[in-house]
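Student: Residue numbers (this note's numbering): 132 to 750.
We put the CB at the ideal spot given by N, CA and C, even for glycine.
Note that this is a predicted model, so its numbers are computed, not measured.
Structure representation (structure tokens):
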């Protein structure tokens, strides 16, 4: 592989504090060459274990797990750390708050403040809420406060399907500069020049011929082929493994953008509409890249844990059994999906459990690099698709349960076009067991369990018309079996007195409280939804839907008795002060404050720096 002759900085990405516990702390970063790495916690005896994954001529993904020598690391206190390359200390002052020489993080035991959000679309014109939350964290540290102990990102950390034109060009610049190893060629008729692919990849992705579609559907009679990838913005959809790797670097690393020649990011296709779009996307991306140093600083100082949703791989990933069937029957489609999942494992998944279970994939992955420095993933795909431990828990107070709602779906075996349940029976049973014998629990569910009923009703109408993909029918109540099992779990008398459900996905934020209509168990469920970090729902439309929901599904409305959740009383909480009252569309990340494990405050930190607080009192 030919790489450009440039001076490569040794530290390409990070450091990023990932899972942090009293017995082990995982730090993730990337380097431009192989190097012996270790990390020391200041004032504490420890040793390091290093795992290196080579992804290119000048790209090495590094994981260092720090472990105590004699006892355990202290919890609920700030811990400074020093990174060493070949026994030489690395200058980490740029990653530190308040002019400190080193970054600091907390191993949480009793959770008091959590940052949570999802949906970070690099080219969306909204401001990046991770930047504003880093500024907030800096203020806390300057006031000698810990600030957030955890940063929970619950999906769509990247948008693999919705890629800006200039971002696709930047991705290929980075691939060349770092010599990122490429995968085996796919059976797709792609132009050799990436500039010729801009805004046209959706025409090159696999489809199902109209002749093979059901005669019961309108697509057959219109003689319309069905795209395997259902994203409406798939015109620059990522395809190759090396593209996914480069996108992660450009989403997590300010240093990666130093390789990008912004002046050379230009559109030459001659389409005026695409030219206008390209210019707007480029402006948004430049602003995005300028904020990444601040985002990296947040990652270096707060334990950051993640979970995929669909856009980390592709829109509507595993939405229906029919969708899965179409993908799995086409080698190229399956390859693209597995590229998304493999890259998630590398850049997000392994840090979630400090390689405890995810590390089992390392050996088969490394075996896939052929002698010509080209990935041959056929053997690895079986290991990847059989892996069933993407979900994880934190034994903090409250306990944190992070759900994988994509790979354990409850598929409809009678109608493949019906939406799958977000969890199958086995995982719902495991969730039920996880909730028992705890006074408080935090559940991280990428999609809200208790969503806006008017929106779910609209989705149900489209589903009845056989169009679940058109409106992303991905809510918990869309599948009879999973909805019933989950709600019965919440209605049990031995479930926690307080359950916090942290969700995103929907591109607007809200706060609901839920209690049983019948029974003596005084448990309360909080549905706290924050979305998106850098994405927004159209403001005028969300205001209309909000009013519609208040009219049709108010507390006294008889329509509630026709919903699957009628045994539960769902109360909407409004915001304090001016602005949108119940559904907030401005880009935001949430700040959850706990006292003795119970919810005390629920705030939104918006991309432009202003904050919104929800009134938690009874409405």
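Which same chain residues, not among the five before or five after residue 465, have their C-beta less than 7 Å away from its C-beta?
Tutor: 458 and 459
Student: Near residue 240, which residues of its chain fall below 7 Å by C-beta distance, leaving aside the five closest residues on each side in sequence?
Tutor: 206, 207, 527 and 528
Student: For residue 165, collect the residues of the same chain with a Cβ closer than 7 Å to its Cβ; drop the 5 residues on either side in sequence, then sort them by chain order.
Tutor: 183 and 191
Student: Looking only at its chain, what residues have a beta carbon closer than 8 Å to the beta carbon of residue 642, apart from the 5 residues adjacent to it on each side?
Tutor: Only 657, 658, 659, 660, 703, 704, 733, 745 and 747 meet the Cβ criterion.
Student: Rounded to a whole number of angstroms, what is the C-alpha to C-alpha distance between residue 715 and residue 681?
Tutor: 15 Å
Student: Contact between the segment 307-317 and the segment 494-506: three or more CB pairs below 8 Å?
Tutor: yes
Student: When burial is assigned at 16 or more other CB atoms within 10 Å of the CB, is residue 723 buried or exposed?
Tutor: buried
Student: Measure the Cβ-Cβ separation of residue 273 and residue 428 and say whether it is below 9 Å.
Tutor: no
Student: Using CA coordinates, which residue listed in 488, 486 and 469 is at the minimum distance from residue 512?
Tutor: For residue 512, the nearest C-alpha among the options comes from 469.
Student: When DSSP builds the beta bridges, which residues end up paired with residue 642?
Tutor: 659
Student: State the start and end residues of the unbroken beta strand (DSSP E) segment that holds residue 180.
Tutor: 177-187
Student: Going by alpha carbons, who is nearest to residue 478 out of 146, 140 and 138?
Tutor: For residue 478, the closest alpha carbon among the candidates 146, 140 and 138 is that of 146.
Student: Assuming residue 295 contacts residue 367 (C-beta within less than 8 Å), just tell me the rounded distance between them.
Tutor: Between residue 295 and residue 367 a beta carbon distance of about 7 Å is seen, short of the 8 Å cut, so the two are scored as contacting.
Student: Mind checking which residues open and close the alpha helix (DSSP H) that includes residue 152?
Tutor: First-last for residue 152: undefined, no H or E at that position.
Student: What three-state label does DSSP hand residue 622 in the structure shown?
Tutor: Here residue 622 sits in coil by DSSP.
Student: What does DSSP give as the partner residue(s) for residue 633 in the beta ladder?
Tutor: 575 and 659
Student: Taking the C-alpha atoms as reference points, what is the distance between residue 751 and residue 186?
Tutor: The structure shown does not extend to residue 751, since the chain is modelled only from 132 to 750, so the question has no answer here.
Student: From the DSSP output, in three-state form, read off residue 333 for me.
Tutor: Residue state, collapsed to three classes: helix.
Student: Given a cut-off of 9 Å, decide if residue 575 and residue 776 are closer than it, judged by their beta-carbon atoms.
Tutor: Since the first and last residues shown for the chain are 132 and 750, residue 776 lies out of range.
Student: Are residue 292 and residue 462 touching if we call contact CB-CB under 9 Å?
Tutor: no
Student: Below 9 Å between beta carbons: does that hold for residue 555 and residue 540?
Tutor: yes
Student: Note down the Cα distance separating residue 414 from residue 403, rounded to an integer number of angstroms.
Tutor: If you take the alpha carbons of residue 414 and residue 403, they lie about 17 Å apart.
Student: Using the C-alpha atoms, what's the distance from residue 150 back to residue 672?
Tutor: 39 Å
Student: Once DSSP output is grouped into helix, strand and coil, what is the label at residue 596?
Tutor: Any answer about residue 596 is weak, because its pLDDT of 48 lies below 50 and its placement is not dependable; what the coordinates show is given next. Reduced to three states, the DSSP call for residue 596 is coil.
Student: So, helix, strand or coil for residue 680, using DSSP?
Tutor: helix
Student: When you compare the CB positions of residue 258 and residue 665, do they come within less than 9 Å of one another, or not?
Tutor: yes
Student: Can you tell which of 630, 677, 225 and 174 has the C-alpha that lies nearest to the C-alpha of residue 210?
Tutor: 174
Student: So the candidates are 443, 720 and 487; which of them puts its Cα closest to the Cα of residue 260?
Tutor: 720
Student: With DSSP run on the structure shown, which of helix, strand or coil describes residue 340?
Tutor: coil
Student: Does the separation of the CB atoms of residue 411 and residue 388 fall below 9 Å?
Tutor: no
Student: Applying the 10 Å Cβ sphere with the 16-neighbour rule, what's the burial state of residue 384?
Tutor: When all chains shown are included, residue 384 counts as buried.
Student: Where DSSP assigns a beta bridge to residue 807, which residues make up the other side?
Tutor: For the chain, the structure presents residues 132 to 750; residue 807 sits outside this window and is missing.
Student: Helix, strand or coil for residue 248 per DSSP?
Tutor: strand
Student: My understanding is that residue 381 touches residue 298, with C-beta atoms under 8 Å, so please give their C-beta distance in whole angstroms.
Tutor: Going by Cβ atoms, the distance from residue 381 to residue 298 rounds to 7 Å, so yes, they are a contact pair.
Student: Name the one or two DSSP bridge partners that residue 734 has.
Tutor: 722 and 744, per the DSSP bridge assignment.
Student: Can the beta-carbon of residue 613 be found less than 9 Å from the beta-carbon of residue 552?
Tutor: With respect to the 9 Å criterion, residue 613 and residue 552 are classified as neighbours on the basis of their beta carbons.
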